[in-house]
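FYI, the numbering for the sequence shown is -20 to -1, 1 to 128, going by mature numbering (1 follows the signal peptide of the UniProt record, and there is no 0).
The beta carbon of each residue, even a glycine, is placed where N, CA and C say it ideally should be.
Worksheet for the structure shown next.
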Amino acid sequence: MKKFTCTMMLILTCVAFSNAQGNPEYKAKLKKMFEVSGSEKSYKVAIEQMFTMFKQQKTTVPDSIWQQFQGEFLKTSLDDLVNMLEPVYSKSLSQDDLQQLIAFYQTPIGVKYAAKTPAIMQESMQVGQQWGMKIANEFQEKLKAKGY
């Protein structure tokens, strides 16, 4: 029984360790999907905006240091993000699903959609805020009409 328990513990440890490492093939496909969908560019822009903000706060740091850090962070931060997002995506999308998305984003309409998505998202967020305010105002008016 002791041998069986030790064997099971070893197997569980190996499974837990392999899950913590994630699936390298899945991560590679996820990263490729981010590249072809334009998501990677959006993430890079976000990192660059953070660096602009940091530069304004830390004006004594030389540009050479900022350039060095920015280059390092652009690479490692994206890799870190893929590692962090892999469990999220793998719950909903298989490796085959990712491959199909990659194939879509490499079609003419996929390329067009990827190029237009940032502008669509920005405008959609503004519309969403307006919609949310409209709903909130209507809700408050209905409460007021009921005497609340």
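Where residue i sits in the DSSP three-state scheme
i	result
Ser74	coil
Gly108	helix
Lys124	helix
Val91	helix
Thr56	helix
Gln86	coil
Gly2	coil
Thr97	helix
Residue nearest to residue i in terms of C-alpha spacing, selected from the options
i	options	result
Lys21	Gly112, Lys124, Glu121 and Lys96	Lys96
Pro88	Ser17, Glu5 and Met105	Ser17
Beta carbon of residue i nearer than 8 Å to that of residue j
i	j	result
Val91	Leu10	no
Lys12	Ile82	yes
Tyr23	Leu58	yes
Tyr85	Ala99	no
Cα-Cα separation between residue i and residue j, rounded to whole angstroms
i	j	result
Glu28	Gln120	40 Å
Ser19	Glu52	19 Å
Met113	Val107	10 Å
residue 130	Gly2	Lying outside -20 to 128, the shown extent of the chain, residue 130 is not represented and no answer is given.
Val41	Met30	15 Å
Ala26	Leu54	10 Å
Asp43	Glu118	51 Å
Met105	Ala125	30 Å
Ser(-3)	Gln36	For Ser(-3), the predicted model reports a pLDDT of 44, less than 50, meaning its position is unreliable and no value from the coordinates is stated.
Lys71	Lys122	40 Å
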